[in-house]
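Working notes, structure below.
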Amino acid sequence: MALALGGYFSSASNVFTGSLIKLQTWFSSRFVAVQDFITAPRDMASLRQRNIELEADNAELQAQVIQLQQQVGETQILAALVDFAQARPENRYQAAAVIGRDPSPFLHYVIINRGSNDGFLRGMPVVTDQGLVGRIDAVIADAARVQLITDPASNVNVRLQNAETEASLLGSVTGDVALDLIPQDFKIEIGDLALTSGLGGGYPPDLIVGQVVNVRSRDFDLFQQATIQPVVDFNHLSIVLVIVNFNPVDIGPLFPVP
Amino acid sequence: MKNLVALPVILLAVILQTSIVSRVYLLSGIADLPLVMLAAWALQEEVETAWHWAVATGLLVGFVSALPLLAPVLGYFAVVGLAQILQGRVWQAPLLAMFSVTFFGTVIASILTFVTLGLYGVTLPVGDVLGVLILPSVLLNMLLAIPVYAVMRDLARWVYPSPEVE
């Protein structure tokens, strides 16, 4: 005891405890390895379960993001439409969503989700914040069919802003729109704006329709023709405005019947 | 009672046509889901009510579309008539019959629409109609033909179960 307390056994003690610690370490590492081997499948299963849960959460969050992005897009469209409506206080507007297109490729019509219950009548003009879309062709209680200005049977009286002349805007089966009946003595330039003239009573005046992109003028023709790039993107129509305080005039009875 | 299954199927086809199929363009052509559906239904051997389906589909499409009512009704009658003629004559090759009816049915229905619109005062350039409208529509209808045929075959077997199955 006296020798031990005096530190004479310290080297022997160090050798002994070192061997014990090495042995302890060896046992411990082997135990942990065996424990890992036994419990690993259980952890794998719990990890897989957790992964499934996280993937489900991720999918839900992605769906929410898409939904919110859609709401932001709709809000932006609605904000632009509100700005457009506020800039023209002389008209009263009602918004409607485009819910379908005509089943026939020969015609260019869209179906909107509001009808006579909301005061819509046949002939009311339809616009977006960009410009003229068309007019209502048929109405039922909760839906209406809108004839686009690109429809082959559509005919809109327009005026060219810079040339100060009037013309007739015609649709086509391909969706292109063209100006016809432009007098030969007026000079038309590419980029001229076409606006509704209000003649004929079918549309209110000064709604933007499009821009001249091509002019065809031949000496032997009675009239010039021009191709128009519409300001409205008809392939991505989602929300439109109907001018509900415009009463179209039917001038058909004024024409003599042969 | 078996005829009543036509109502939801035709309604669904027309809703899908106006809301989705009509928005998928190839040049200026679009697929005609009710036409392909009618062709597939009329080609099923068990089916006896294809003409009723043609009337109902034509009337519904005529109501939704701005086309004169005559055009879709006549077009769908032509498709069912063509299917009835070809049914069973293209031996052991129902898909070949389906493709034939879809191809010729689409062309005939488009020509009928073209003529009807002309009678109503809407004149269309023949070259544009053929090149950018009818031919792309035919191609899109042919793409729809196989999946629609499979669905309508299953529907026909469900509505008219064969004695062996019973």
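Those protein sequences? They're chains F and P, same order as listed.
Going by the numbering used here, the first residue of the first sequence is number -16, and it counts up by one from there.
Going by the numbering used here, the first residue of the second sequence is number 81, and it counts up by one from there.
We treat Cβ as the ideally placed atom computed from N, Cα and C, and that holds for glycine.
Check: Would you mind telling me which residues of chain F sit closer than 9 Å to I110 (chain P), beta carbon to beta carbon, in chain order?; Outcome: R84, P86, S87, P88
Check: What residues from chain F crowd round A86 (chain P), counting only those whose CB sits closer than 9 Å?; Outcome: In chain order: nothing, as chain F lies at least about 18 Å away.
Check: Distance cutoff 8 Å, beta carbons only. Does V212 (chain P) sit that close to anything in chain F?; Outcome: yes
Check: Span of the beta strand (DSSP E) holding Q208 (chain F)?; Outcome: 206 to 213
Check: Step through the CB atoms of chain P and report whether any lies within less than 8 Å of the CB of A161 (chain F).; Outcome: no
Check: State buried or exposed for V127 (chain P), treating a residue as buried only when at least 16 other CB atoms are found within 10 Å of its CB.; Outcome: buried
Check: On the DSSP bridge assignment, give the partners of R151 (chain F) in chain order.; Outcome: A small correction: the amino acid at residue 151 (chain F) is Ser; Arg does not occupy that position in the sequence shown. DSSP, once it has assigned bridges, lists F:N140, F:D163 as partnering S151 (chain F).
Check: Below 9 Å on C-beta distance, what does L248 (chain P) contact in chain F?; Outcome: Nothing can be reported for residue 248 (chain P): it is not among the residues displayed for chain P, which extend from 81 to 246.
Check: Three-state secondary structure (DSSP) at D120 (chain F)?; Outcome: strand
Check: Among F:P236, F:L224, F:I234, F:G235, which residue has its Cα nearest to the Cα of A68 (chain F)?; Outcome: F:L224
Check: Taking 6 Å as the limit between beta carbons, can you name the residues of its chain near G296 (chain F), skipping five residues before and five after?; Outcome: Only positions -16 to 241 of chain F appear in the structure, and residue 296 (chain F) is not among them; the question remains open.
Check: Going along chain F in order, which residues have a C-beta closer than 8 Å to the C-beta of D208 (chain P)?; Outcome: S155, V156, T157
Check: Got a sec: is the Cβ-Cβ distance from R128 (chain F) to anything in chain C below 8 Å?; Outcome: You won't find chain C in this structure, because its protein chains are F and P.
Check: Measure the C-alpha to C-alpha separation of I191 (chain F) and V214 (chain F) and round it to an integer number of angstroms.; Outcome: 8 Å
Check: Using a Cβ-Cβ cutoff of 7 Å, what residues of the region 134 to 166 of chain P are near chain F? List them in chain order.; Outcome: V141, V144, S145, A146, L147
Check: Are the C-beta of D120 (chain F) and some C-beta of chain P separated by less than 8 Å?; Outcome: yes
Check: Use the C-beta contact count for A80 (chain F): other C-beta atoms within 10 angstroms, 16 or more gives buried, fewer gives exposed.; Outcome: exposed
Check: Do L192 (chain P) and A146 (chain P) count as a contact pair if the criterion is CB distance below 8 Å?; Outcome: no
Check: Going by alpha carbons, who is nearest to N140 (chain F) out of F:F20, F:N34, F:V122, F:G117?; Outcome: F:G117
Check: Relative to the C-alpha of G106 (chain F), which residue among F:L237, F:D233, F:F238, F:P239 is closest?; Outcome: F:D233
Check: Looking at I82 (chain F): is its Cβ nearer than 8 Å to the Cβ of S99 (chain P)?; Outcome: yes
Check: Could you tell me the alpha carbon to alpha carbon distance between A136 (chain F) and V202 (chain P), rounded to whole angstroms?; Outcome: 6 Å
Check: For chain F, check one thing: does any of its Cβ atoms lie closer than 8 Å to the Cβ of V202 (chain P)?; Outcome: yes
Check: Is the CB-CB distance between V218 (chain P) and F183 (chain P) below 8 Å?; Outcome: yes
Check: State yes or no: is the beta carbon of V44 (chain P) nearer than 8 Å to at least one beta carbon in chain F?; Outcome: The shown model of chain P, from 81 to 246, leaves out residue 44 (chain P), and the question about it has no answer.
Check: Assess, as a yes-or-no matter, whether the region 47 to 54 of chain F is touched by the region 87 to 94 of chain F under the definition of 3 or more beta carbon pairs within less than 8 Å.; Outcome: no
Check: Quick one: grab the DSSP three-state call for Y92 (chain F).; Outcome: strand
Check: Would N228 (chain F) be called buried (16 or more neighbouring beta carbons within 10 Å of its own) or exposed?; Outcome: exposed
Check: If you count every other CB in all the chains shown that lies within 10 Å of the CB of N41 (chain F), and 16 or more means buried, which is it?; Outcome: exposed
Check: With 9 Å as the C-beta to C-beta threshold (strictly closer), list the residues of the region 134 to 145 of chain F near chain P in chain order.; Outcome: D134, P135, A136
Check: Could you give the distance in angstroms between the alpha-carbon of F103 (chain F) and the alpha-carbon of R237 (chain P)?; Outcome: 45 Å
Check: Along chain F, which residues have their Cβ under 9 Å away from the Cβ of T98 (chain P)?; Outcome: I82, G83, R84, D85, P86, I94
Check: Are the C-beta atoms of E246 (chain P) and some chain F residue less than 8 Å apart?; Outcome: Confidence at E246 (chain P) is low in this model, with a pLDDT of 47, below 50, so the placement of that residue should be treated as unreliable; the coordinate-derived value is given next. No, no contact with chain F.
Check: Compare the beta carbon distance of V160 (chain P) and L118 (chain P) with 8 Å and say whether it is the shorter of the two.; Outcome: yes
Check: Near L106 (chain P), what residues of its chain come up, given a Cβ to Cβ distance below 6 Å and the 5 sequence neighbours on each side ignored?; Outcome: P216, L220
Check: Tell me the rounded alpha-carbon separation between S29 (chain F) and A163 (chain P).; Outcome: 58 Å
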